[in-house]
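The block underneath contains the structure these notes are about, expressed in structure tokens.
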Amino acid sequence: MFNSKSYCWGPGKEMCQKMVKCENNPLKYCVDGPVTEIYCDDECLGGCEGSRSSCRACKHAENDGKCVSQCPPQFIVNRADSRTIPNPEFKYNFHDTCVETCPAPFLKSNTYCVIECNLKKEIPVNGTCQVCPPSGCPEHCTEESIFGKDRSLAILDSEALRRFKSCVYYTGMLYVSEESFKGNRIVKDPIKDLSLLWNLRNLRGIVGTVYLDLRGAPLELTNLTFLENVESITMEVRGSSSGPVLQIMDGPNVELLGFRSLTLMDGSIYLRNMPKLCFVDVLKRLSQFRAENLSSEEQCIRRNAVCHSECLPGAGCWGPGANMCRHCCNLQAGDDCVAECTDRPGFYEIPDKSSTESRFAQHTKNPSQQPYCPTFPDLATLMDNLDETTFRVSKIPPKQCGRCHPECAETCYGPDAHECMGQCKHYRDGDKCVAVCPREKYEERETNRCLPCHNACKQTHVSREIRLCSGPGDYFGKGGCTACWKVLQNTTAKVYQCLINDCPDKHYIESHKTMEFVHKQKIDISKESEQVATGKGETGEIIQVCKPCHPYCDRCTANGTHMSICESCIYWWFKGDCVKECPPSETYVLPPGNVSTQTDQKSSKEGITSISTEAGRSRRSSSQSQSDEMLRAGMTSFAKYSLSAFAQNQRHCLVCHDECIQGCTGPGPEDCKSCRNYKIMRGPDKFVCNSSCPEEQPHVFHGMCLTAKEYAKVSGKSARELRDRIVIGVSISIIPLILLATIILVICLKRRAEAEKAREKLFSAYTNLLAPDKGFRFINKCSLIHHLTLH
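No gaps in the numbering here: position 123 of the sequence shown is 123 in UniProt numbering, and each next residue is one more.
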């Protein structure tokens, strides 16, 4: 009775409606209903029974059987220092129930248990929603983003599969039907290429249901390993039905599922009409399982469709390989279960510091033939009753094999690049395996070793991304240095050697644009060299070439012998050019240790250039005569000195006087060996060269200036001598001719007489000048010839 009225749900006594509101205050709930006036706690919803805190339901949350306004917060304030500290009594809010941890498949997100993280900002990691890394969140796809808003039924087809390629998390239904492969008016782009199914391979989490009707699928579809990375399939809570979360049917050739990453199924499983399917024990353990028309256990064993020997017995597997085990018996190397880490290339066994006992010794503790696995010590006793709860509680994570450095091609004894054993995947740099050799080393293809570049290659300043050489050579080009600032041509090897220091002696520098120089000299260079040579701002754009000076030059700035570029002459200077020898017809040289060449040369140019009548009558002073005698005496002994006896400032070819030809012995016109114009005689063997004869010697005879008396005397004597020479010459020429003609005439007359005599004999023989003898009438021709021969 409530307010003198009865309330019920039906006629029976068990159908009475309990009234919980207070009779005196309809806004409050009273303990045991209106019969009392004791109000229930404010956090009670729907009243309470027995006590104020025994609520029928909680208004906000329930913690340990009590209704509270909120679950214990994650942080509390320390009263001592007014700082926040972690709350030891913190609990998560799971559907208004305070729990210490979120039950699977729910995830921890701040203080709540959620079915799915906010995938725009968070990712699920070990059951907790964590903030995405700086690189960004994995792509989260939804049914709407894949199929669009206009599709009434989200049937998977080729177009949708192409959109799935980058999806990591998916919210919605994954629906494959017969129309997915055959098409209809809705499915315009059916699946013709099975490789498109591998666009689902990146999926790791599905919130929704998976429905795979494989009717119409090609016969080549024998497994569903395109979903091998899916870790969880959870039913979406809001608006979801109670049907299976995973349904697969009508796959006549499907032999295995291959869902090797799947650990969480929030919902039932239904499989049908797959007569070749084995390896479903894991699904049976994950969730409520129902199946029709699958392979029996005996059929699978007959086909050898059994788990790998390294899989934990009884735990199940997803396929026959060592990478398909649900749990390893011994060790795990990457995705594979192994007995020894070295069974898989690229792995090593990490020493266990906590125990020195070997795994072999651990195996010997089980002398019976019962199966033994270090990851499940109680396997022998629980083998026949290994339920999922026992498995989850009792299993021990397998010891992980250490992964070798990525550059190890075989095995190793540690994780670092210098701990590889055997070959390297790419190159070996000292004791390390590396993907690319350091920039100061080159790759030796025959041995895959990194060898150091020549020191000459290390002097250039190129980008740090560019290798300094392509081989051991010290030259510019392939097999040598990538770039060189300064090079020297090696004519023997026909290469340009890179120089560490300056150009050698007797060389000069010539700058070129590197690529122009390469094309001109036809140098074979690497791509790195071309990159440096064409790169803006790189030092390799210009190359300095050390070129040899002229063979006569000791130091120069260009190729040539002129004093403007030849700074130091090895031999002699002549008219501003470096020459090997002084021209004997134009120059003279002072002996070593004599006066300065510059002074002498100047003196020679200030010598006598013309001799007037008065100059011809005058004589040089006695001191000048003595100096000339000393100069001539020095020149006569010059030949006995070698080039090294002369200092650099003395190696000058001094020019003879302009009136000299065929050489001279000094700077003056009196030192000429022969005159260009006229000789002014100063004695029997002395003369001075001049451009004209003096007035007192106006006559010229054979280039000599003579007086009238001298000319008459020399010209008459010369005429007689000339006539005599002509007569003698003619006589000497005629006598041999006369003798030769006489000899020829005698020989001709003698031969003529002999020829005449021979003709007469022949004539008389053939005309019978001799009387014929009748007794020898028949004399033959041979006898006649013999007779003539005798006569």
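Here a beta-carbon is modelled for each residue, glycine too, at the ideal position from N, C-alpha and C.
- Here Asp685 is exposed: its Cβ has fewer than 16 other Cβ atoms, across all protein chains shown, within 10 Å.
- Between the alpha carbons of Val125 and Cys102 lies a gap of roughly 14 Å.
- Counting other Cβ atoms within 10 Å of its Cβ, Val77 stays below 16 and is therefore classed as exposed.
- Between the C-alpha atoms of Phe75 and Cys437 there is a straight-line separation of about 53 Å.
- Taking C-beta separations shorter than 7 Å and ignoring five residues to either side along the sequence, the partners of Cys329 in its chain run Glu310, Cys311, Leu312, Cys337, Cys373, Thr375, following chain order.
- Pairing Tyr552 with Thr665, the inter-Cα distance amounts to about 25 Å.
- Lys458 and Ile525 have their alpha carbons spaced roughly 17 Å apart.
- A contact is defined here as three or more CB-CB pairs under 8 Å, and the region 139-150 fails this definition with respect to the region 90-97.
- Where Ile146 is concerned, the enclosing alpha helix (DSSP H) starts and stops at 143-147.
- Excluding the 5 residues flanking it on each side, Asn202 has same chain C-beta neighbours closer than 6 Å at Val168, in chain order.
- Counted as a single uninterrupted DSSP element, the alpha helix (DSSP H) harbouring Glu388 occupies residues 388-394.
- Between the region 146-156 and the region 112-129 there are fewer than three C-beta pairs closer than 8 Å, too few to call the two in contact.
- In this structure, Met173 is the residue among Asp671, Asn455, Asn110, Met173 with its C-alpha nearest to the C-alpha of Val245.
- Distance from Tyr475 to Val495 at the Cβ level is roughly 4 Å; contact confirmed, criterion being Cβ atoms closer than 8 Å.
- A direct Cα-Cα distance of roughly 20 Å separates Val730 from Ile743.
- Less than 8 Å divides the Cβ of Cys656 from the Cβ of Glu586.
- Per DSSP, reduced to three states, the secondary structure at Glu530 is helical.
- Scanning its chain for C-beta atoms nearer than 8 Å, with the 5 sequence neighbours on each side dropped, one finds around Lys580 the residues Tyr552, Tyr571, Trp572, in chain order.
- Counting the other Cβ atoms within 10 Å of the Cβ of Met15 gives fewer than 16, which makes it exposed.
- Put simply, of Met563, Thr514, Arg555, Thr557 the residue whose alpha carbon is nearest the alpha carbon of Ile542 is Thr514.
- When DSSP states are grouped into helix, strand and coil, Lys761 belongs to the helix group.
- Spanning the alpha carbons of Lys432 and Thr411 requires a straight line of approximately 14 Å.
- Of all alpha-carbon atoms in Arg79, Pro73, Glu292, the one lying nearest the alpha-carbon of Pro86 is that of Pro73.
- Lys486 is bridged by DSSP to Gln544.
- Here Tyr508 is bridged, per DSSP, to Lys547.
- Between the beta-carbon of Ser268 and that of Arg290 there is about 7 Å, and that keeps the pair under the 8 Å contact cut.
- In the same chain as Asp41, and ignoring 5 residues on each side of it, the C-beta atoms closer than 6 Å to its own belong to Arg52, Ser53, in chain order.
- The DSSP assignment places 331-333, 336-338 as complete runs of the beta strand (DSSP E) inside the region 295-354, in order along the chain (cut-off: 3 residues).
- For Gln130, the enclosing beta strand (DSSP E) begins and ends at 128-131.
- Secondary structure within the region 662-718: the beta strand (DSSP E) runs of 3 or more consecutive residues, fully enclosed, are 672-675, 678-681, 687-690, 699-701, 704-706 (chain order).
- One Cα belongs to Val20, the other to Lys59, and the distance between them is close to 15 Å.
- Among the bridge pairs identified by DSSP, Glu122 is matched with Val131.
- Residue state for His652 is assigned as strand, using DSSP reduced to three classes.
- Here Ala645 is near Pro592, since their CB atoms are less than 8 Å apart.
- Membership of Lys520 in the alpha helix (DSSP H) is indicated by the continuous run 514-521.
- Following the DSSP letters along the chain, one finds Ala57 in no alpha helix (DSSP H) but inside the beta strand (DSSP E) bounded by residues 55-58.
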